[in-house]
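Numbering (the working numbering), first residue to last: 354 to 449.
Beneath this line is the structure, given in structure tokens, with notes to follow.
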Ligand SMILES: [Zn+2]
């Protein structure tokens, strides 16, 4: 069984369950028994959170056209690396 959406002219949208592929184009409204037309709508697109959708879209775009960056991405306004060396041993390395 699958859930299909119908729209009654008086009562609005309602769902009805039919076997897959056997949903009639019109059915009776459960409230007023009037003829209701089948409605085709996007299934469960609101179930995915907006941040997840954005991440999936970014990953899909990255597969075809990766973003070019000029520095290591970090928090906005915060340098990714402090001015001084991060490890005391780095101070002993030869300077260019
Ligand atoms: Zn109705």
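Using N, Cα and C, we set each Cβ at its ideal position, and we do this for glycine too.
All values derive from a computational prediction rather than experimental measurement.
How about residue i and residue j: are their beta carbons less than 9 Å apart?
{"i": "residue 357", "j": "residue 368", "result": "yes"}
{"i": "residue 384", "j": "residue 359", "result": "no"}
{"i": "residue 391", "j": "residue 377", "result": "yes"}
Tell me whether residue i, by its Cβ, gets closer than 8 Å to a heavy atom of ligand 1.
{"i": "residue 389", "result": "yes"}
{"i": "residue 363", "result": "yes"}
{"i": "residue 406", "result": "no"}
{"i": "residue 384", "result": "yes"}
Using 8 Å as the cut-off, classify the Cβ of residue i as near or not near the heavy atoms of ligand 3, replying yes or no.
{"i": "residue 380", "result": "As presented, the structure is devoid of ligand 3, carrying ligand 1 as its sole ligands."}
When DSSP labels each residue in this structure, what does residue i get in the three-state scheme?
{"i": "residue 308", "result": "Outside the displayed span of the chain (354 to 449) sits residue 308, for which this structure offers no information."}
{"i": "residue 364", "result": "coil"}
{"i": "residue 391", "result": "strand"}
{"i": "residue 445", "result": "helix"}
**OP:** Run through the region 401 to 425 for me and flag every whole alpha helix (DSSP H) of 4 or more residues, listed as ranges in chain order.
**Re:** 403 to 417
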